[in-house]
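The opening position of the sequence shown corresponds to residue 1 in full-length UniProt numbering, with each subsequent residue numbered one higher.
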Amino acid sequence: MTTAGPARLNRDIGRRIVPLFRPYRVQVAVVVGLIMVTSTIGIINPLLIEAVFNKALFVPGGPNIRLLVILVTIMAIVPIVNGAIGILQTYQTTRVGQLVMRDLRDRLYSHLQTLSLAFFTGTKTGEIQSRLANDVGGVQSVVTTAASTILANIVIFASTVVAMIILSWQLTIVALVTVPVFFWLTRLVGERRRRVARSTQESLAAMSALSEETLSVSGVLLAKVFGNQARDTARYHEENQRQAGLQVRQQMIGQGFFTIVQVFLSITPAAVYLVAGLLLTRGTGISAGTVVAFTTLQTRLYFPIGQLLQVSVELRSSLALFDRIFEYLDVVPDIVDAPDAVDLPAIGSGGRVAVREVFFHYPGAPQDALKGISFEADPGQLVALVGPSGAGKTTISYLIPRLYDVTGGSVRIDGADVRDVRQSSLAAAIGFVTQESYLFHDSILANIQYGRPGASRADVEQAAREAYIHDRIMEFPDGYDTIVGERGYRLSGGEKQRLAIARVLLHDPRILILDEATSALDTASEREVQKALDSLMGSRTTIAIAHRLSTIVNADVINVIDGGRVVESGTHRSLLRDGGLYSSLYQEQFDGGKVQWRCPDGDVMADGTVRHRQPQAGITGAG
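This is how it looks when you write it as structure tokens:
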């Protein structure tokens, strides 16, 4: 990489960092003012030293005690005032820095929320968490203290140089002759530190991803049943070892350089004494007070030089973290509201869904996942999608709520193309019940309320009753305040599904999508969930994806998907009579003419007929 590349990148990032402080320009101005005051006050005492020596202590006739008391009193007051102002400066600097940090975290999190499902399916959760936690946390020192440190030390440096020139321009040249070389070397060291810092953050992200995957409930369970704890531990150890090595490299880069700097800065005062002696021999008028004041200022000069060099290196290291943060902020959302997007009409009944000649291609996939799919679903209808695994059923369910955009054709709800509808309106109109319902590590009440934040306790309990889960909830010692655990692992599969259904009932959508909502449940749990689904469906438009064909035998329309196309469409009986793919799939599940599945209202026979014991109801016509 050429030197022009990093320099240009540094300027670009710098231009993006500065606007982060723009909302707090007044507070920043106050901080700058305080820094100017505290940094300038510091030169008063060294200058007073010259007066103490030359006008109060070593004067003809003995020390001038009155003047000495005045000068000493001023010298005592100056650090007290400076310290008080410094406390205020530190508070203001920290406050502004933390406000900027808050805004940066909020901005990154809210931006991530706007990205499509494709981004999250292609990015490890641990990587995302690392950018939010490790990377944003890593720039905290830069945002909160680096800017003020740089400004303060620049002011200290400038004011000290001015004071030194006033005392002796010859000695000033001696004191500053090596400074430009140090700043040039600092740039080289900083670039090396930056590269290592980026590798360090990438390693931290890998560790976060690994721990998130292997220490989740699912990951721990998988490791235990396969006996892979030692393997996962070894993987973590290997990455942890790499992280430790990178941390050592990052800390050690430039330490030799800084040692050399400190040695030179320590030797320079001796050189000043030598030059001062030579000047005295030539009768230049330099007094003892001038030499003492100058060396005091010199000590004050070298501290900001060391600070500036150190902060410069740290700042360049932090630029690697800003690189990673801005990488995510620069990801352009591919699912956005159109400029003229509208809301769906507010209607109480279900919405009409029309999928028309839809093509879809996943990024990087070798071929289209959907190839001209068309079907319709009207309010009150149950439309089923069945077919082999990988046929494209779940992809269709993602296109209806616009989790992905079609690459051809259109998906319409009540006549409106979903690409012309506000995403918030789509979310309000559509409810999703999946095979594995996600629950937060929170109370049952909070998990159900997620469907309609702010819903009353009474509304939550009513939704739970309609989902046939209220009585079970009340059996827990803490009732609705029961913590469900990570991903709801304290609950059975049927209980989790009914909680998810209660959440959707509270959401009250007009369109319902069921993606294998009961396929992972045992018969007893399935009965309870199907009763809940019966309450949920009502007059809504329902699109059900099913592998267990007994659950959709009474669907109004069954669309058979294969290879991204609708190859058959009809009722359960008509599709069996046709003897096509649906009939083959059904025969694979049911054979011999015996009762293959029982439920409270009837028996599903192997030939596809339903022997009812009660009037037909629900998603299956059998309970």
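For each residue, glycine too, the CB sits at the ideal point set by N, CA and C.
Model, not experiment: these values are computed from the prediction.
Count the other C-beta atoms from every protein chain shown that fall within 10 angstroms of the C-beta of residue i, then say buried if there are 16 or more, exposed otherwise.
i      : result
ALA230 : exposed
THR523 : exposed
LEU370 : buried
MET537 : buried
LEU48  : buried
PRO46  : buried
SER574 : exposed
ILE173 : exposed
PRO509 : buried
HIS237 : exposed
ASP343 : exposed
ILE43  : buried
ARG66  : exposed
VAL358 : buried
GLN89  : buried
GLN113 : exposed
THR200 : buried
ARG527 : buried
THR121 : exposed
PRO19  : exposed
GLY5   : Note that GLY5 scores 46 on pLDDT, short of 50, meaning its location in the model is unreliable; the coordinates nonetheless yield the value given after this. Counting Cβ neighbours within 10 Å, GLY5 comes out exposed, since fewer than 16 surround it.
Could you give the residue range of the beta strand (DSSP E) that holds residue i?
i      : result
ALA147 : Segment 147-167 is the alpha helix (DSSP H) holding ALA147; no beta strand (DSSP E) there.
LEU57  : Premise fails: LEU57 is in no beta strand (DSSP E) and is neither H nor E.
SER425 : Here SER425 belongs to no beta strand (DSSP E); instead the alpha helix (DSSP H) covers 423-429.
ILE469 : Segment: none, ILE469 is in no beta strand (DSSP E) and carries neither H nor E.
VAL411 : 408-413
Is it true that the CB of residue j sits closer than 8 angstroms to the CB of residue i?
i      : j      : result
GLN27  : GLN92  : yes
SER397 : ILE543 : yes
VAL566 : VAL386 : no
PRO304 : ASN153 : yes
ILE413 : GLY351 : yes
VAL433 : ALA500 : yes
THR518 : GLN530 : yes
ILE335 : ASP405 : yes
ALA276 : LEU108 : no
ILE469 : ALA502 : yes
SER525 : ILE483 : no
TRP198 : ALA320 : Rather than Trp, the amino acid found at residue 198 in this sequence is Arg. Yes, these two residues count as a Cβ contact at 8 angstroms.
GLN589 : GLU516 : no
THR395 : PHE360 : yes
ALA391 : ASP562 : yes
THR144 : THR94  : yes
PHE322 : VAL189 : no
GLN307 : THR149 : yes
SER130 : SER208 : yes
ALA467 : ARG487 : no
LEU115 : VAL331 : yes
VAL311 : ALA146 : yes
ASP534 : GLN381 : no
From which residue to which residue does the alpha helix (DSSP H) around residue i run?
i      : result
LYS124 : LYS124 -> no alpha helix (DSSP H), and no H or E assigned at all.
ALA354 : From DSSP, ALA354 is part of no alpha helix (DSSP H) but of the beta strand (DSSP E) over 353-360.
ASN134 : ASN134 -> no alpha helix (DSSP H), and no H or E assigned at all.
GLY97  : 65-114
ASN240 : 229-252
SER584 : 581-589
Mind checking who residue i pairs with in its DSSP beta bridge?
i      : result
ARG565 : ASP562
LEU385 : ILE545 and ASN559
GLY570 : ILE558
ALA377 : VAL353
THR434 : ASP515
ALA416 : ILE413
VAL342 : VAL421
ILE43  : According to DSSP, which records beta bridges pairwise, ILE43 is partnered with nothing at all.
LEU370 : PHE360
SER397 : Paired residue(s): none; SER397 is not in a bridge.
SER443 : ILE483
Quick one: complete alpha helix (DSSP H) runs, 4+ long, within the segment 486-550? Qualifying alpha helix (DSSP H) stretches, in chain order: 493-507 and 523-537.
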